[in-house]
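Accompanying notes for the structure given below.
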Amino acid sequence: FIVLVGTFALAMAFAGNDLVNFIGVPLAGFESYKAFIADPGADPNLFLMTSLTEKIKTPTYFLLIAGLVMVITLWTSRKARSVIKTSVDLGRQEEGEERFGSTLLARTIVRNSNALNNAIKSVIPEKVMDRIDRQFDQKPFVKKQKKLGSNAPAFDLIRASVTLVVASILIAFATSLKLPLSTTYVTFMVAMGTSLSDRAWGRESAVYRITGVISVIGGWFFTAFSAFVASFVIAYIIHLGGFAAILVLMVLVAFVVYRTHAIHRRKHDLVTPAGSIISEKMNGEKIADQCTKNVSEILTDINSIYGITLDGLTSESYKQLRKSFKMVQSLNKETKQLKDSVSETIINLEENFIETGHYYVQVLDYLREMAHSITFISKPAFEHVDNNHKPLLEVQNMELKELSAKVKGFMEEVNKTIKSRKTDQVNYHIQEQQKLLAVLDIMRKNQIKRIKLNEVGTRNSMLYLNLLAETKNVLLQAINLVKSYRDFNLYISGENLIAGK
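Numbers 30 to 530, taken from this note's numbering, label the letters of the sequence shown in order.
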């Protein structure tokens, strides 16, 4: 009930400020139009806007339409949800994946704050510190979060009510005094203040949270400065170009809005597998299904990136190599999120299946290593073509095309085994791997002969030998992955397999 009242109070405070700002400009234009048509003989270039100095009563339907537009936008806008998610993530009580990185300023602030904290604690009696610590006991809240799972709140009701009520009071009070303020800024800073005072920023997350706050605040100031400059430029363009300039600017604005919306939608639609792992309590079968899905998708991406990279390198296709480089960046984000979510995944495992966590961690380790190897294949190949270095020799291109076809076939077979969850195909894959390793040895010897005969330069040799070495790593890690995945499934199905690796 308290949160409901606080939400209503904050909504009223926002409406009293943002609603007025939202309708201010169109209302001024509407009143100007009414004043102009009321004087038929007036010259538009000499007509004064003295009517706007008087007090204007806003039509009720203006308020209703504006409120309806705001409600629909808040309900349907992905950007609005992203803003809310950013604020909630920066203020959440528990640790987890952090959206922002680490900066020198944030590290300095945390380091100095820790030093100050230690100095203060050294002069405060231990009994007093114990009493203070008891006021911040998180055990009941953590227990409730585990019980609720994915529906758990980011923080408790006390902090939620304080955030809502304090923010609504500040906004309503400033609005009554006609002070200019940003309602979003006030609410955000109140939320950050309450999270800091509630010990939500521990040493595991403080640097990233502070970086996020600095980034958000800096973004607001940059936006304000940009809006100031853009307003001047647009006004000057309209002054020079007249109605034609207005039409061009309207088309430009429409394009920018569409482009921004499309970019944000692509970012929003990029859902990584990590997000679906930690949402609920899982038994062995559920984690096996989720693991199969994640591993299969990532192996498919790795195979695709490898093929595109080698095709792009042999044909000197900058477009293909740039595409593969972007794909590998996305792949690394996915595997990193999977690895970062390991702790939460294990926490959500049912007691009878805790031992499966060991195999699950191994599977993710090998996936991460394969992603690293693909990165060290894609990036040098892209840079080689991007820097316009000499193309590979025709014989090298032929070797790489044959290698690409064989590796892709091998990875497809491995992926089929993963999807079908077969446990008797490991020896077959090892035999195929040994054949490919023999091919790599032959290619390496051929390259050494070319170096000896001065047929290739240093850059060519470094690129080619690095590609062979990382391909070998991919093949080795693929077999390790299959072995761990086999043990993972055998353990879940009740079979114990320790030897035979």
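Don't be surprised by glycine CBs; every beta carbon is placed ideally from N, CA and C.
- With a threshold of 16 other beta carbon atoms within 10 Å, Asp516 meets it and is buried.
- Restricted to the segment 384-451, not a single beta strand (DSSP E) segment is unbroken, complete and at least 3 residues in length.
- Taken in chain order, the unbroken stretches of alpha helix (DSSP H) that lie wholly in the segment 311-362 and span 4 residues or more are 313-344.
- In this structure, Tyr457 keeps its C-beta atom at 8 angstroms or more from the C-beta atom of Ile406.
- In the three-state reduction of the DSSP assignment, Met78 falls in the coil class, being assigned neither a helical nor a strand state.
- At a cut-off of 3 residues, not a single continuous stretch assigned as beta strand (DSSP E) sits fully inside the segment 167-214.
- Shown here, Asn143 sits in a helix according to DSSP, grouped into three states.
- Secondary structure at Gly486: coil, using DSSP grouped into helix, strand and coil.
- Inter-residue distance for Ser359 and Ile480 is about 35 angstroms (C-alpha atoms, whole angstroms).
- Taking a cut-off of 8 angstroms on C-beta distances, the segment 219-226 touches the segment 111-124, as three or more cross pairs fall below it.
- Taking all protein chains shown into account, Ile316 has 16 or more neighbouring C-beta atoms within 10 Å of its C-beta and is therefore buried.
- Excluding five sequence positions before and after Ala135, the CB atoms of its chain that fall closer than 6 angstroms to its own CB belong to Val236, Ile239 and Thr240, given in chain order.
- The segment 382-402 makes no contact with the segment 413-424; the number of CB pairs closer than 8 angstroms stays below 3.
- In the DSSP assignment, Phe59 falls within the unbroken alpha helix (DSSP H) covering Val49 to Ile66.
- Look at Ser106 here: in three-state DSSP terms it is coil, with no helix or strand label.
- Taking the C-beta atoms as reference points, Ile337 is found nearer than 8 angstroms to Gln349.
- The alpha-carbon separation between Ala410 and Leu342 amounts to approximately 6 angstroms.
- The DSSP-derived three-state label of Glu127 is coil.
- Look at Phe30 here: in three-state DSSP terms it is coil, with no helix or strand label.
- Contact between the segment 35-46 and the segment 196-204 is established, with three or more Cβ pairs separated by less than 8 angstroms.
- DSSP, reduced to helix, strand and coil, places Gly45 within a helical segment of the structure shown.
- Going by C-alpha positions, Ala144 is about 18 angstroms away from Ser226.
- With distances taken between CA atoms, Met427 lies nearest to Asn475 out of Leu396, Asn475, Val286 and Val215.
- For Gln462 against Ile508, the beta-carbon gap comes to about 5 angstroms, under 8 angstroms, which counts as contact.
- The three-state secondary structure of Gln122, taken from DSSP, is coil.
- For Ile477, the enclosing alpha helix (DSSP H) stretches over residues Val455 to Lys481.
- In terms of CA proximity to Thr132, Ile243 leads the group Ala95, Ile243 and Val443.
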